[in-house]
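S.K.:
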Amino acid sequence: MKNNMIKLPQTASIDGAARKTRALPCGRSMRWNIGSAVILASITCGATYAMQAADPTIPPQPDKGLNLYSPVGGYALMAIAAAAVIAVNLMPAKRGHQD
Amino acid sequence: MIISVIAIAVILLITYWWSNNGAFSALVHFLCVVTSGAIAFGVWEPLSYRMLSSSAGEYSKGLVLVGVFVVLLAILRIFTDRFIPMNLSIPRLADVTIGAGFGLASGVLSVGLLAIGMGFFQSTVTIGDFTGWSRRSDVANAPAIGSDNAPLLTISNIAGGFFSYLSWGPYTPWLGGGTIDTHMPQLVRTSGSLYRDSYADGLARVSVPPEAVSQIKLFDVPAMPLSAGVGAKPVASWAVQFTMAQDGFDGAGQQFLMTGAQARLIGDGKGGKGTVSYPVAWRQNAKEGGERMYFFNSPSNVLTSVSAQGEGTFYLFFPKADLGTQAPKYFELKGVRFLAPRPVAAPDFAGGAAIESGASKAVDDGSATNIDALIEFPDPKYAIGGVTINSNDKGALILDGSNYIVGGEQKFPRNGSAMVSADLRVRGFQVTTGQRLLRLDASAKEDGVRIFPDLNEWVRTAGVDAQSARVAVIDTNGAKYFAVGMVEDDGDWVLVRSMGGKPLTLKDIPIQPLGSGKKLMLHFRLPSETVLKGLVLTTGKEDRLVNTITLTAPKDNN
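Protein sequence lines, in the order shown, are assigned to chains D and L.
Heads up, the working numbering is the position in the first sequence plus 5, with the first residue counted as 1.
Heads up, the working numbering is the position in the second sequence plus 52, with the first residue counted as 1.
1) Look up V539/L in the DSSP assignment and say whether it is helix, strand or coil.
2) How far does the alpha helix (DSSP H) with T87/L in it reach, from first residue to last?
3) May I ask you to list, following chain order, the residues of the segment 294-324 of chain L that have a beta carbon less than 9 angstroms from some beta carbon of chain D?
4) Output, in chain order, the set of chain D residues within a Cβ distance shorter than 7 angstroms of F173/L.
5) Considering only their Cβ atoms, is the gap separating I91/D from V5/L smaller than 8 angstroms?
6) Along the chain, where does the beta strand (DSSP E) that runs through F366/L open and close?
7) With 16 as the cutoff for other CB atoms within 10 Å, does I55/L come out buried or exposed?
8) For V354/L, count the other beta carbons within 10 Å of its own beta carbon; 16 or more makes it buried, fewer makes it exposed. Which is it?
9) Given a cut-off of 8 angstroms on the beta-carbon distance, is the pair A414/L and T600/L in contact?
10) Rounded to whole angstroms, what is the Cα-Cα separation between D200/L and A192/L?
11) Pull up the distance between the alpha-carbon of K368/L and that of T327/L, whole angstroms please.
12) Going by alpha carbons, who is nearest to N529/L out of P579/L, V583/L, R549/L, R477/L?
13) Within the 8 angstroms Cβ cut-off, does D200/L reach chain D?
14) Please compile the residues from chain D whose C-beta is within a distance smaller than 7 angstroms of the C-beta of W69/L.
15) Taking the beta strand (DSSP E) that K381/L falls in, what are its first and last residues?
16) What's the C-alpha gap between M276/L and L476/L?
17) At least one CB of chain L closer than 8 angstroms to the CB of G70/D: is that the case?
18) Output the distance between the C-alpha atoms of K113/L and F308/L, rounded to the nearest integer angstrom.
19) Shorter than 8 angstroms from the beta carbon of M551/L to some beta carbon of chain D?
20) Provide the residue span of the alpha helix (DSSP H) that contains S216/L, from first to last.
21) How would you label L165/L, buried or exposed, when you count the other beta carbons within 10 angstroms and need 16 or more for buried?
22) Quick one, are the C-beta atoms of L161/L and G89/L less than 8 angstroms apart?
23) At a cut of 8 angstroms, does the segment 181-188 of chain L reach the segment 238-256 of chain L through at least three beta carbon pairs?
24) Tell me which residues share the same chain as S580/L and place their Cβ nearer than 8 angstroms to its Cβ, disregarding the 5 neighbours each side in the sequence.
25) Helix, strand or coil for A333/L? Go by DSSP, reduced to three states.
26) Can you find a C-beta in chain D that's less than 8 angstroms from the C-beta of D452/L?
27) Less than 8 angstroms between CB atoms is the rule here; does N209/L satisfy it with respect to chain D?
28) Please report how far the alpha carbon of G364/L lies from the alpha carbon of S329/L, in whole angstroms.
29) What residues in its chain sit with their C-beta under 6 angstroms from that of V80/L, if we drop five residues either side in the sequence?
30) Find the nearest neighbour of A535/L within the set R577/L, T377/L, N442/L, Q564/L, judged by alpha-carbon distance.
31) Taking the beta carbon of P237/L as the centre, do at least 16 other beta carbons fall within 10 Å, making it buried, or is it exposed?
32) Classify I39/D: buried if its beta carbon has 16 or more other beta carbons within 10 angstroms, exposed otherwise.
33) Which same chain residues end up closer than 7 angstroms to I179/L when comparing Cβ atoms and leaving out the 5 residues on each side of it in sequence?
34) Skipping 5 residues on each side, what residues in its chain have a beta carbon closer than 8 angstroms to that of L117/L?
35) Entirely within the segment 412-479 of chain L and at least 3 residues each: give me those beta strand (DSSP E) ranges in chain order.
36) If we ignore side chains and look at the alpha-carbon of each, how far apart do S376/L and N455/L end up?
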């Protein structure tokens, strides 16, 4: 049976020289690095949010759940108005000929 | 582009129609269109302003302009067909060609006027693929207004320009001597689509009842920074102060919202055309106290009154340079034009201290009693009291999607439908996140609220002033929170009345004789943790403190 697994170089090992070279200078594990990146990103997001919240140029915001208008009424009136204007412009002239 | 193509197709149809009807008929129709259009513009504002306070207020300007045009054109056509029955005999080619010419002119004027009129219906800013003039995020400087140059604007410009030109002569629509260019400059920009460019892409209000606006003042402001940018260049400006009452608020009286496209200062029209300035900054109460400057440098920056407060005073800043050499003559707010008062020297707008707005003064009538014991802060989900209402039997009450009451009134039997599932149950008067509902037992009794003639001499003697006085609670900063609804329970029937955005006045309250045994509950909404001072009757000139309150609204549980 053919073995499809990639053969690692003879010198490769979990704590080999290549692995050690790619590791961050602090020498911590990859999991630790991902964790620290997430924490740093969270701190950055939090700081940005706090800065925005404290930004005096951001005006008071409208309440959530404010009852606003439905545009349907406006659309309906527009359609009626358009139909009326077209209809009145296409009223046939009931005018006979002079001769 | 599709909307513009449809408009052009309609114009071509009208052209074809009148080329077939002949030159003389097309000429008569054209004259009817011109006359109807001129009269429609003439009566447009006088009629539509009368409708602004009605339920059709959001559509009044569009309805009147298009409605008058259509009705008049139909009448004139019937009239001319009846009394000018004969035709002219001219060669066929000339008949068709001249007919097409007048048909084209009629089509352009009619479709242009229709487009202008449609721009004054409350609706979304973008309709189909048409936006026209609006606040745009790709325009860097306040008020960030730009255009997409839709072809429909050209048609509107031709019609608007024609009727503006006519308004100089015998067709002048303004009996007071003005013209469209002096009273409603940049008509086409306004109609397509700055008038509709309200908060939430046009879903907020586009008009206000004129009586909701008060305390208009005009200030001549020396150069000061009107931009949020660091090291912003000082700009000389005109500042307009106005106070907006709850009648002009959005969301059934919840908050006043206004974008930078919904206010403008109009010049005196020297030279025949009024210049226009849109606001680039405003000043208002900040939620955390004091007053602050804010800037219309982004479409997302919207002037917003402090949550739950029943009125707000604002200052809009208009760059002087925009008006050129003209002096400000009109202040237009959400399509309603007010005569600008004589300018006065500006107060210290650069500072953070509250500016004396000249609003109503607080008056303690000396007999105020404490009513802390009559107040509770119920859960708004079950706040009506006395009756359980099924939303299927709500009658004339208007509910939002969560069955909170936002308008209307209805009488219910005291213990009608006690078994109502939670999903169908009508809740209390609507509050939003961060707000609390204050329920005040306002039954007529000794040591109760002093808003009835039997308990307050001023109410008994002040006549109309007292009857139209609004009932509000005020906080220690003087901010007013008007009653949003009332529940009257006479033992057999419960009347539930929401004010639907209009503050409760004494004449809205059914007569409550002393000793009648009726229970009257007034409902107010206010921000959580508001420190209250008392109950006032506010007349516009003064706020009469009739009862004191020493409570603080609890935190919002939502």
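Every residue gets a Cβ at the ideal spot worked out from N, C-alpha and C, and that includes glycine.
For clarity, every value in this text was computed on a predicted model and none was experimentally measured.
M.R.: Walking through what the data contain:
1) strand
2) 75-103
3) D302, G303, A304, Q306, Q307, L309
4) G79, L82, M83
5) Residue numbering for chain L in the displayed model covers 53 to 610; residue 5/L lies beyond these limits and cannot be assessed.
6) 363-371
7) buried
8) buried
9) no
10) 15 angstroms
11) Note on residue identity: the sequence assigns Leu, not Lys, to residue 368/L. Each residue's Cα considered, the two are about 17 angstroms apart.
12) V583/L
13) no
14) L95
15) 380-385
16) 56 angstroms
17) yes
18) 21 angstroms
19) no
20) 203-218
21) buried
22) yes
23) yes
24) G486, Q487, R488, A605, P606, K607, D608
25) strand
26) yes
27) no
28) 23 angstroms
29) T132
30) R577/L
31) buried
32) exposed
33) I55
34) A92, F93, W96, S100, L165, I168, G169, F172
35) 413-422, 457-459, 461-465
36) Going by the sequence as given, residue 376/L is Gly instead of Ser. Each residue's Cα considered, the two are about 52 angstroms apart.
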